[in-house]
RNA sequence: CGGGGUGUAGCUCAGUAUGGUUAGAGUACUUGGUUUGGGACCAAGGGGCCGAAGGUUCGAGUCCUUUCACCCCGACCA
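Residue numbers (the numbering used here): 29 to 595.
Below you can see the structure in the form of structure tokens.
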């Protein structure tokens, strides 16, 4: 492509709403154009990057034995009613009616559609397994789109679905997909981590997220400094904590603790480590029908992890409760304890199993109990993992230490099981001739989000630094002064040579000054720029390497070979 | 969905407390000339229903009402 003919509208100033490097540079360098909230147009350079990522995904999917399909973007609402997700998804589902007043939705993910194309067509275990995927525009009417391509309403995603006769076979495919996704991210040149994840509303028995490591990531990850363990903070677990100090010896007793409401005060009052105090976090758990107050108990040294709490309460949502509301319910903030507490759902953190020598609220203003043995609690009390992993906690897999890092979720793979096949009645006949629902897996990868993720991880103050596999053009041939015939001629010659060699090359033949063109080259972020300029009189050209910033002087005669060697 | 902010040239923004010639700057664009290794200089140009609707007024970018859009913080987010 000749730069003079290409549509690459670069600009000096970024729109003021852009805050992330990927958003700023993709806009300034002319890859994308904002059109409305959460909607972007892909300009020629952006489209090229997307295609390159798609190609790599397609190649790796083919290698893993998957087949590509393309499902309708507009999907009948009946399928969503059948699966029950039309309510669950809520307002994120964009709905509309056609001229006959039939209800449709724009697909935000395609479990239902994919199940529907397989059910009643695949009827025997002999036809399994099957892994079908598509790369397609999705739409989610996000409450607050932001960060450019990172959280857009319309976005491109690869979504794959596998169908199996047994759980074992699904597990095998799950591992195969994890391996395929790793290869994709390796080829794209990204630094990433695969972490354990919360399965969220999509359900299923297990899931992992592929996280591109970047400062601007929206997700907090707990990763081990020794082994490969990593998990989203929402799902992270830790090695059991050892007691920080000797347990405070005390007979069971009721103590007056005037005005002592916080864990810090309590621990100071009794001169004990917060580890030996019992923290109560009251929340309102919202269900499809109604809501109720749930009391979560943890050690005073731990914090409640909201997603874990929500899962433990099997609630749709967990919201805060006001102090007044609690008082009306007969609870005294700061003095809530599990003893003699009737009529409330209590959930205890795993770290409290058989905890002894605890100090907890006495459900009476200004009183706490000491010497409490939680092992004495009745059977009706439930235990669950509720506490949030902190930096410095022990790794659950090895003797290493966990620390936080930030990640961009670019992929999520799920062991779905029979969640969807059951409700949608998608069944096959097993060896014994009995009908069984498909065992399914689902595998997503955000293509447009990957475009942003590459830049979040590969940029500097001047602009983009595309990796080899993602660059819109690998090589940029820059003629410093197009009025200089020798420079121009050499540019044309090399341009033709590289095209012939199959290199993705762009030829900057614009009638602009050197600095202007260099700034564009750096903003756009071509991995290599071959500068034909003032060195030509001495018989040399320069190769500028964007990643390292180095400029190599090369004799003209060796230019072609030398560049080819480095690509 | 709660709280806040902003809408004026392709882009970044002045101008709006106090209404008053023909609405400005930078940048980008067009033309001519000079320049040619880090977003050049000189000169001459084109470009606006001041987000939309209604109102107050002799007169509205500016005041009042309504509305729409976009952005930011939070809630939410397979």
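All residues carry an ideal CB built from backbone N, CA and C; glycine is no exception.
Per DSSP, cross-strand counterpart(s) of residue i
i: residue 161; result: 96 and 188
i: residue 469; result: 190 and 443
i: residue 224; result: 236 and 259
i: residue 179; result: 174
i: residue 491; result: 488
i: residue 241; result: 435
i: residue 103; result: 133
i: residue 45; result: DSSP output for residue 45 lists no bridge partner at all.
i: residue 283; result: 396
i: residue 560; result: 507
i: residue 463; result: 457
Under the three-state DSSP convention, the category residue i falls into
i: residue 567; result: coil
i: residue 555; result: coil
i: residue 474; result: strand
i: residue 111; result: helix
i: residue 374; result: strand
i: residue 458; result: coil
i: residue 548; result: helix
i: residue 522; result: helix
i: residue 246; result: coil
i: residue 60; result: strand
i: residue 293; result: helix
i: residue 534; result: strand
i: residue 501; result: coil
i: residue 152; result: strand
i: residue 251; result: strand
i: residue 131; result: strand
i: residue 206; result: helix
i: residue 580; result: strand
i: residue 69; result: strand
i: residue 604; result: No answer is possible for residue 604: the residues shown for the chain start at 29 and end at 595.
i: residue 166; result: strand
i: residue 78; result: helix
i: residue 211; result: helix
6 Å Cβ shell around residue i - same chain, five flanking residues per side excluded
i: residue 245; result: 434, 435 and 436
i: residue 560; result: 507, 515, 518, 519 and 569
i: residue 275; result: 385
i: residue 550; result: 490 and 491
i: residue 98; result: 162
i: residue 589; result: none
i: residue 426; result: 254 and 255
C-alpha gap between residue i and residue j, whole angstroms
i: residue 151; j: residue 113; result: 25 Å
i: residue 336; j: residue 416; result: 8 Å
i: residue 78; j: residue 128; result: 36 Å
i: residue 283; j: residue 363; result: 11 Å
i: residue 162; j: residue 133; result: 18 Å
i: residue 571; j: residue 94; result: 41 Å
i: residue 349; j: residue 534; result: 60 Å
i: residue 528; j: residue 505; result: 15 Å
i: residue 107; j: residue 587; result: 60 Å
i: residue 313; j: residue 333; result: 14 Å
i: residue 584; j: residue 567; result: 6 Å
i: residue 212; j: residue 84; result: 7 Å
i: residue 420; j: residue 263; result: 17 Å
i: residue 392; j: residue 304; result: 20 Å
i: residue 251; j: residue 75; result: 34 Å
i: residue 253; j: residue 429; result: 6 Å
i: residue 13; j: residue 185; result: Residue 13 lies beyond the stretch modelled for the chain, which goes from 29 to 595, so this question has no answer here.
i: residue 175; j: residue 57; result: 16 Å
i: residue 89; j: residue 543; result: 43 Å
i: residue 298; j: residue 279; result: 14 Å
i: residue 40; j: residue 137; result: 37 Å
i: residue 261; j: residue 331; result: 12 Å
Beta-carbon proximity list for residue i, same chain, < 8 Å, skipping 5 on both sides
i: residue 182; result: 66, 67, 68, 165, 166 and 167
i: residue 485; result: 218, 219, 240, 241 and 242
i: residue 452; result: 107, 110, 111, 140, 143, 144 and 147
i: residue 554; result: 494, 499, 500, 501, 502, 503, 504, 534 and 574
i: residue 394; result: 284, 285, 286, 287, 288 and 363
i: residue 203; result: none
Beta-carbon contacts of residue i that lie in its chain and below 7 Å, excluding the five residues immediately before and after
i: residue 340; result: 375, 412 and 414
i: residue 315; result: 343 and 344
i: residue 35; result: 71 and 72
Worksheet item: Where are the beta strand (DSSP E) runs, 3 residues long or more, that stay fully inside the segment 380-452, in chain order?
Response: Annotation: the segment 380-452 contains the following complete segments of the beta strand (DSSP E) (minimum length 3 residues), in chain order: 386-389, 395-400, 410-412 and 430-445.
Item to complete: Starting from the N-terminal side, write out each stretch of the alpha helix (DSSP H) that is 4 residues or longer and does not extend beyond the segment 305-359.
Response: Qualifying alpha helix (DSSP H) stretches, in chain order: 334-340 and 351-356.
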